[in-house]
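What follows is a single structure, written as structure tokens, with notes after it.
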Amino acid sequence: MMQDTYNFAYLDEQTKRMIRRAILKGLAIPGYQVPFASREMPMPYGWGTGGVQVSAAVLTPEDRFKVIDQGADDTTNAVSIRSFFERTAGVETTTATEDATVIQTRHRIPEQPLTEDQILVYQVPIPEPLRFLEPRESETRKMHSLEEYGLMHVKLYEDISRHGHIATSYAYPVRVEARYVMDPSPIPKFDNPKLDDNPAIQLFGAGREQRIYALPPYTKVISLDFDDHPFDPSKADQPCGLCGSNESYLDEIIVDDAGNRMFVCSDTDYCEKRQAAGHKGKFAA
Amino acid sequence: MQTDVLDGGFSNPPIDAAHVFRGVMNAMARPGKIETIQGVVAPPAPLSPAAGAALLTLCDPDTPIHLAGSFDTTDLRTWISFHTGAPFAGPNDCVFALGHWDDLGPLSSYPIGTPAYPDRSATLIVETDNLTNDGQRLTGPGIKGAANLKLPETTAFQKNHAQFPLGLDFIFTCGDRLAALPRSTEVS
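Here the protein sequences come in this chain order: L and G. Mapping to my numbering: the first sequence position 93 is 93, numbers consecutive. Mapping to my numbering: the second sequence position 69 is 69, numbers consecutive.
Listed below in structure tokens is the structure:
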């Protein structure tokens, strides 16, 4: 139910124009982080204030909106953002990936392949992939403008020398159209191949860090690797305990005090649809 | 007081702007794809409804506009001022520019951004009489395989692309339709 006391989609029009201009420049320069004047939102930083502002700037009243948190439609973050836009924008909401026109996501890309008619909005905590290697913004800006990305390869190499393989398992850095190195937000590296050549528009919003960046459809996105240590989009080597899928990304859940565990799909919509279609894992009721 | 200056804007700004922005964003994300903007604004001549809608959606007191050639009229200045509050500027200092292709040049006068901040660059809204999907071949981000769009010339856009990630972005408007050409697109 929409409340008339709010402007459509909560933000005032001048704020939306500022965000919309940033989105257009982000689309024109894929992978480049556009600074924007992030607003305080009625939720704490770290709860998706960047994603919410981007969603508010792109939503139209006709959209069907889906929110996922680590793949799940029914966790606190997803439920509260969904009801936020039900109240302030009056948009229809859904949990079905294929019915949604705008999907806001925290740390997953849905298992169901996206289409040209969809927009995927990522919540991003730290947009700068070089930040943990170089804390100064003035330096990382310079590194991006000079395409000086050797440090990132050194970091991946140190992973190999210490662990024998690249141990980075989420927020795995990518190179966009052979130009900008980009943080894909903390999605598992299992999802990285879905960034590449995706038919949907992908928008990234970091509220606390005040950055917006974007991937237009069909953009070339390569995960960084080495010839002798190629990128490996790994996942737990198990079928889902509830739906039996071998293809989906899995969460590990401890089920008792004896250390027993089960693996289940992190994408709840995908898992429920498979169970409804009669697929059963070994823990299925 | 001219009353017609007050007319022709959005009747429901939050909803109308959201619809227009979806069209502009789809155009910028898919270079060469022609989007139709529903008849939400009626700007004074010679401004097209699509260009008028784009200005009302994207411009405000933070974005100086450059009006080129036949678009620099008192009627248009008053209409844009009333509906957006945007100041007017020369090509060197503008964030948006509006005009026919022949009047907008030389492109070297517009800001193309800096290596650290390539987003600080102008967006040129080019009014055309003819917006069709034949003509130059476009490839790059946002395009599956290749797309085609009729452009006023080729070399200027090739030079613009060669500066990537610096450069200008273009929105072509014709009646109630628009298409976009960001700097990332290769033109041949």
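Idealized CB from N, CA, C, for every residue including glycine.
Answer yes or no: does any C-beta atom of chain A fall closer than 8 Å to that of G/K144?
Going by chain labels, chain A is absent from the structure shown, which instead holds the protein chains L and G.
Tell me the residue span of the beta strand (DSSP E) that contains G/A146.
From DSSP, G/A146 is part of no beta strand (DSSP E); its letter is neither H nor E.
Burial state of G/K144, where buried means 16 or more other Cβ atoms lie within 10 Å
Exposed, by the Cβ-count rule.
Burial state of L/A178 (16 or more Cβ within 10 Å)
L/A178 is exposed by the Cβ-count criterion.
From G/G85, G/D129, G/L6, G/P61, pick the residue whose C-alpha is nearest to that of G/A50; which is it?
Measuring from the Cα of G/A50, the nearest candidate turns out to be G/D129.
For L/H107, name the three-state secondary structure that DSSP assigns.
Reduced to three states, the DSSP call for L/H107 is coil.
In this structure, does DSSP put G/G99 in helix, strand or coil?
Three-state DSSP puts G/G99 in a strand.
Checking contacts by CB at 8 Å: is L/A28 closer than that to chain G?
Interface residue (Cβ-Cβ distance to chain G less than 8 Å): L/A28 is classified as such.
Between the CA atoms of L/R20 and L/Q123 - distance to the nearest angstrom
Whole-angstrom Cα-Cα distance: 17 Å.
For a cutoff of 8 Å on Cβ pairs, would you count L/P217 as touching chain G?
Yes, contact with chain G.
Mind checking whether the beta-carbon of L/A277 lies closer than 7 Å to any heavy atom of the ligand FMN?
For the ligand FMN, the structure offers nothing, since it holds no ligand at all.
Relative to chain L, which residues along the segment 11 to 45 of chain G have a C-beta separation below 9 Å, given in chain order?
The segment 11 to 45 of chain G vs chain L, Cβ under 9 Å: N12, P13, P14, I15, A17, A18, H19, F21, R22, V24, M25, N26, M28, A29, R30, P31.
Stretch pair the segment 83 to 96 of chain L + the segment 43 to 58 of chain G: three plus CB contacts closer than 8 Å
No contact exists between the segment 83 to 96 of chain L and the segment 43 to 58 of chain G.
Which residues in chain L sit within 8 Å of G/D189, going by Cβ to Cβ distance?
With chain G represented from 1 up to 188, any question about residue 189 of chain G goes unanswered, as that position is not in the structure.
Interface flag, L/T76 vs chain G, CB-CB below 8 Å
It does not: the Cβ of L/T76 has no partner Cβ on chain G nearer than 8 Å.
Please name the residue or residues paired with L/Q123 in a DSSP beta bridge.
Answer is L/G205.
Could you pull the start and end residues of the beta strand (DSSP E) that L/H163 belongs to?
Segment 150 to 163 is the alpha helix (DSSP H) holding L/H163; no beta strand (DSSP E) there.
Where does the unbroken beta strand (DSSP E) through G/Q136 begin, and where does it stop?
Here the beta strand (DSSP E) through G/Q136 covers 136 to 139.
Between the Cα of L/T140 and the Cα atoms of L/Q275, L/Q33, L/D196, which residue gives the shortest distance?
When the alpha-carbon of L/T140 is set against those of L/Q275, L/Q33, L/D196, the nearest one is in L/Q33.
Members of the segment 41 to 72 of chain L near chain G, C-beta cut-off 8 Å:
Going along the segment 41 to 72 of chain L in chain order, one finds A57, V58, L59, T60, P61 with a Cβ nearer than 8 Å to chain G.
Under a CB-based cut-off of 8 Å, is L/I222 close to chain G?
No, because no Cβ of chain G sits closer than 8 Å to the Cβ of L/I222.
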